[in-house]
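Mapping the sequence shown onto this note's numbering, position 290 (from 1) lands on 292, and the numbers just tick up by one.
C-beta: ideal position from N, C-alpha, C; glycine also.
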Amino acid sequence: MAVDKGTFENLVPSQFISFTFPNPHSRESTINCSYGNFLRIAILDSPVQTSDPTQIAAMLIPIDRKNDWIFSTKAGHFQLLTSLPEISRLILIGNLPRGDGYLPVNYDRPILDDKEYRAEFEEALLPLLIAVSPIAYIKGLNENFEIPFVTYEDNVISSVLVEKCYGSCVGEMIVEDVEIENVDKSLAREFRRRLRFKRMPNLVQTEMRIVPDRIEVDSVNLRISEMKFELDISCLVHPYLAPMVASLSLIAQNLDKCVCLGLKPRVLCVGIGGGALLTFLRTQFGFEVFGVENDKMVVNVAKRYFGLVEGEFLRILVGEGIDVINSVARRGVQAGFAVSIRSADSESDQHLTTYGEDESKLKFDIIMVDLDSNDAMNGPGAPPLDFVQNSILLDAKMALNTLGILVVNVIPLSKSFYEVLICELRKIFSELYEINVGNEENYVIIASVSPISSHNEVENSVQEKLKMANLGHYIECIRRI
């Protein structure tokens with residue numbers, strides 16, 4: 003597309019422009035990490051006023067990741083920009099993607115980096131970068147023009163596409179197997195299965211550990227595309243799921259009393275992703291688990307690729323989680339009630355599920371909320387703004403038993419968002435607790451219906467299971483707020 007140079011003279015909130023440009027650097031790298039003859043240039047301005055003076059930055063898209071939604075979509079670009087809060091304009095430079103319908107079958111991180119080639123390439127791009135810089139930035143430069151380059155880094159060593167599909171609510175999604183860097187730097191290879199949505203590509207919706215088939219476990223030289231894997235459902239590797247489960251320690255005594263009476267503690271999980279949390283609560287703790295997901299395709303993906311198995315004590319409902327909470331709260335206090343939502347296995351649009359008359363069986367011991375904001379333009383955030391309403395939070399309290407807790411995964415959109423959430427919860431619940439996940443992104447907030455008694459030093463079965471799941475660190479991190 004033809005672009006007028008004047009288009010870039012001023013910052014325009016959320017302005018996004020991409021175009022093709024001849025590669026100004028002709029020399030190829032000696033280690034096969036060159037950029038092609040034509041480049042895709044994508045320019046995005048911050049949606050909000052940033053620092054003064056104006057700051058801009060450029061980023062080279064990693065070789066062979068040009069088709070990754072992180073780099074090839076406006077949503078991905080926005081998420082990259084929100085991770086750089088001081089930057090007013092972010093310029094992406096990379097090879098041409100192969101179109102919206104194409105996704106790479108696999109990716110392998112280059113073993114070597116030709117630093118000399120990269121330095122020459124960045125220098126050759128300087129005239130173009132100056133041409134697309136705002137006037138306010140150019141005026142602030144001295145004679146030594148320089149545009150800073152930022153580097154994208156993650157822990158992915160290689161990846162292979164497992165499935166791409168489309169959901170009626172979440173849109174396009176992919177399932178991928180990835181090899182990641184081993185945090186303890188051992189020689190053992192670590193693999194994960196991930197679910198990502200195109201609408202927010204930088205946010206991993208679900209991550210589960212996978213292990214190579216026993217036949218291949220010693221085949222250290224095999225590429226990931228040549229390997230077969232089994233799911234490991236005995237551990238939680240998604241950063242905030244383990245802290246969410248650690249919150250059970252606050253009511254471990256009450257849960258254990260329930261078990262001793264021959265009852266199964268009841269958990270409602272709002273938002274299931276790949277179902278890792280639901281499977282873990284069912285298989286490792288023996289709870290009765292209900293999951294609510296508004297997109298049937300997500301449920302199908304969870305069953306097909308992430309080991310989610312429905313049964314007598316693990317049931318999935320297709321519908322809006324907030325509606326289910328409302329139904330339990332409003333009708334659960336009556337002698338029997340019905341929730342009009344679609345069963346995950348129902349072919350009809352609506353499936354009527356009727357619960358029994360015992361009020362204690364209509365409520366939950368734990369409600370766990372894992373919902374994102376669906377809005378990449380403001381960066382990843384959780385829970386959605388719709389959830390942070392007095393009426394919704396009151397319904398959540400009414401849907402819980404007297405000694406129940408509400409557990410929420412929180413990615414604060416801003417400090418004020420977090421403060422409002424805490425304020426609204428404090429109006430309704432008895433006590434609030436917080437776990438800092440430690441990844442500079444997630445927090446887990448726990449809200450209790452009733453005051454929580456001090457911990458009993460005598461271990462019970464629930465505490466023992468928490469200990470066996472290696473959740474001691476997160477239990478120690480729980481603090482009352």
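Residue of the options minimising C-alpha distance to residue i
i	options	result
glutamate 174	Cys260, Ile159, Ala77	Ala77
aspartate 297	Ala248, Leu279, Ile318	Ile318
serine 16	Cys167, Asp70, Val50	Val50
isoleucine 63	Pro203, Ile424, Asn108, Glu155	Glu155
lysine 259	Asn462, Thr22, Leu395, Arg428	Asn462
valine 451	Tyr435, Phe431, Asn441, Tyr445	Phe431
tyrosine 168	Glu183, Asp377, Arg201	Arg201
arginine 428	Phe23, Lys399, Pro414	Lys399
isoleucine 368	Trp71, Asn328, Leu46, Ile407	Ile407
isoleucine 2	Leu405, Asn441, Glu192, Ala471	As shown, the chain starts at 3 and ends at 483. That puts residue 2 outside it, with no answer to give.
lysine 68	Asn108, Val164, Val300	Asn108
isoleucine 89	Ser135, Glu290, Leu238	Ser135
phenylalanine 10	Met246, Ile95, Leu131	Leu131
phenylalanine 23	Arg29, Asn39, Pro99, Asp215	Asn39
glutamine 244	Glu148, Lys467, Leu46, Ser329	In the sequence as presented, glutamine is not what sits at residue 244; that position holds alanine. Comparing Cα positions, the closest option is Lys467.
serine 20	Ile58, Phe315, Leu94, Asp66	Leu94
serine 455	Asp374, Ser251, Gly313	Ser251
glutamate 148	Lys166, Ala60, Ala248	Ala60
aspartate 374	Leu205, Asn157, Val158, Asp70	Leu205
Check whether residue i and residue j have beta carbons under 7 Å apart
i	j	result
aspartate 503	valine 213	What is shown of the chain runs 3 to 483, which leaves residue 503 out entirely.
phenylalanine 123	histidine 27	yes
isoleucine 226	arginine 198	no
tyrosine 242	asparagine 376	no
threonine 208	glycine 309	no
glycine 293	isoleucine 274	yes
alanine 254	valine 439	no
valine 311	valine 371	no
asparagine 25	leucine 41	yes
proline 203	isoleucine 72	yes
isoleucine 483	leucine 434	yes
alanine 138	threonine 56	yes
methionine 210	alanine 278	yes
glutamate 426	leucine 395	yes
Residues bridged to residue i (per DSSP)
i	result
glycine 293	Cys271, Ile318
cysteine 167	Met175
tyrosine 435	Ile448, Arg482
phenylalanine 199	Met175
arginine 211	Arg194
valine 206	Arg198
phenylalanine 366	Leu402
phenylalanine 419	According to DSSP, phenylalanine 419 bridges with nothing at all.
isoleucine 45	Ile19, Ile93
phenylalanine 231	Pro214
valine 180	Ser161, Arg194
isoleucine 58	Arg91
glycine 440	According to DSSP, which records beta bridges pairwise, glycine 440 is partnered with nothing at all.
glycine 313	Leu316
Beta strand (DSSP E) segments (min. 3 residues) lying fully within the region 72–144: Whole beta strand (DSSP E) segments, 3+ residues: 91–97, 108–110.
Run through the region 5–42 for me and flag every whole beta strand (DSSP E) of 3 or more residues, listed as ranges in chain order. Within the region 5–42, the complete beta strand (DSSP E) runs of at least 3 residues fall at 18–24.
Okay, do the region 70–89 and the region 114–122 touch, 3+ Cβ pairs below 8 Å being the bar? They do not touch, by the three-pair rule.
Jot down the residue ranges of each uninterrupted beta strand (DSSP E) in the region 372–413, minimum 3 residues, whole runs only, in chain order. Counting whole runs of 3 or more residues, the region 372–413 contains the beta strand (DSSP E) stretches 402–412.
How do the region 383–391 and the region 406–421 stand: do at least 3 beta-carbon pairs fall below 8 Å, yes or no? Yes, they touch.
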